[in-house]
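Have a look at the structure below before the remarks.
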Amino acid sequence: MPELPEVETVRRAMERHLIGHRITDVWTSGKRLREPQPRALLRSLVGQRFEEARRRAKYLLLGMDSGRVLLVHLGMTGNLVFRADRQKHDHLIIGLDSLRSPPLVFADARRFGMLLVLNRAELANSPYLRHLGVEPLSRDFDADYLHGCCRGRKRPIKNVLLDGRVVVGIGNIYASEALFGAGIRPTARAGRLSRARLATLTREIKNVLRRAIRRGGTTISDYLGSGEGGRFQQELAVYGRADEHCVVCERPVKSVVLAGRSSFYCPSCQK
-1 MPELPEVETV
9 RRAMERHLIG
19 HRITDVWTSG
29 KRLREPQPRA
39 LLRSLVGQRF
49 EEARRRAKYL
59 LLGMDSGRVL
69 LVHLGMTGNL
79 VFRADRQKHD
89 HLIIGLDSLR
99 SPPLVFADAR
109 RFGMLLVLNR
119 AELANSPYLR
129 HLGVEPLSRD
139 FDADYLHGCC
149 RGRKRPIKNV
159 LLDGRVVVGI
169 GNIYASEALF
179 GAGIRPTARA
189 GRLSRARLAT
199 LTREIKNVLR
209 RAIRRGGTTI
219 SDYLGSGEGG
229 RFQQELAVYG
239 RADEHCVVCE
249 RPVKSVVLAG
259 RSSFYCPSCQ
269 K
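Heads up, the sequence shown is in my numbering, so the first residue is -1 and it goes up one at a time.
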């Protein structure tokens, strides 16, 4: 599933190529996605101009001059790409007023993605956005904040990092990599970690996410950032490397299942 770096990569592509363009046509497949939207509502966007491309957690918010916002979630296999040819899994095609730009296409093979048309005033109370935690790259996400969220918690620290009510968008891959960088096992009880160790962890989370964004995200199976795969998988230290040698100490990397997700760690480098 695309996480923060992958969605941020798409957002930046939208910001470069979409802002300032007016919608000239809208085509929909009519197939049900995660949240159905009437064709008439999507077609009502014709004539509106894109003004902004924002991200909140793993949601893209494409704002228009009318005050409308197209809220997009990529789900498991969704992509926003610019291309002229229609393909099997296309569900929304937005024609633009530029001869140099092909249409904007939302494609999703497994149809777990989502497209919603909202007014800006509705965003704050959207059930998808209102309970979200802090952004991990913001100033609000620091050692004091994470220490407060972990205080008294018996849950493994990895589970805390994947709790979207605490912090958004880190995801399984980047949580595993950040915990390795911080020298903390994913199974460590959150409430037993000192503020100093959590300070190291917050720095590593920001570092890993920024590196991943620079590399266009991580392509494991289905993700394509605006049509192109990410490259951060070439830098993974532990994720998906069970039984391979640790890049630091050369001991075998181990895996453990936490909350139904595989976590990877080095038993020597992480305590």
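Glycine included, C-beta positions come from ideal geometry on N, C-alpha and C.
Nearest candidate by alpha-carbon position, reference residue i, set the options
i: H89; options: Q231, S96, T75 and R98; result: T75
i: E175; options: R239, L116, R47 and Y126; result: R239
i: S96; options: S253, R84, I21 and R10; result: I21
i: R108; options: G73, T26 and R118; result: G73
i: L40; options: A197, L69 and E202; result: L69
i: R190; options: R208, T200, R151 and E202; result: R151
i: L113; options: A257, E233 and P36; result: P36
i: F48; options: L127, L16 and A188; result: L16
i: A180; options: V251, A186, L58 and Q268; result: Q268
i: A197; options: D140, R229, V246 and A210; result: D140
i: P184; options: L160, K204, V166 and V206; result: L160
Residue i - DSSP class collapsed to helix/strand/coil
i: K252; result: strand
i: I168; result: coil
i: E175; result: helix
i: R187; result: strand
i: L43; result: coil
i: R229; result: coil
i: R37; result: helix
i: L130; result: coil
i: V121; result: The residue asked about is misnamed: residue 121 is Leu in this sequence, not Val. Three-state DSSP puts L121 in a helix.
Segment limits, beta strand (DSSP E) that includes residue i
i: Y57; result: Y57 to M62
i: F48; result: F48 to R54
i: A105; result: L102 to D106
i: T198; result: That residue, T198, is in no beta strand (DSSP E); its alpha helix (DSSP H) goes R193 to R212.
i: N117; result: M112 to N117
i: Y263; result: R259 to Y263
i: R66; result: R66 to H71
Boundaries of the alpha helix (DSSP H) in which residue i is found, first to last residue
i: T7; result: L2 to H15
i: D241; result: That residue, D241, is in no alpha helix (DSSP H); it is neither H nor E in DSSP.
i: N157; result: I155 to L159
i: G146; result: A141 to C148
Cα-Cα separation, residue i to residue j
i: K29; j: L135; result: 35 Å
i: F80; j: P100; result: 6 Å
i: G162; j: P154; result: 15 Å
i: G223; j: S266; result: Annotation note: pLDDT 46 at G223 (below 50); position unreliable, no value reported.
i: A235; j: K156; result: 16 Å
i: G45; j: P0; result: 30 Å
i: R14; j: I171; result: 27 Å
i: D142; j: E4; result: 27 Å
i: E6; j: S42; result: 27 Å
i: H87; j: T216; result: 22 Å
i: H243; j: R195; result: 25 Å
i: L94; j: M62; result: 13 Å
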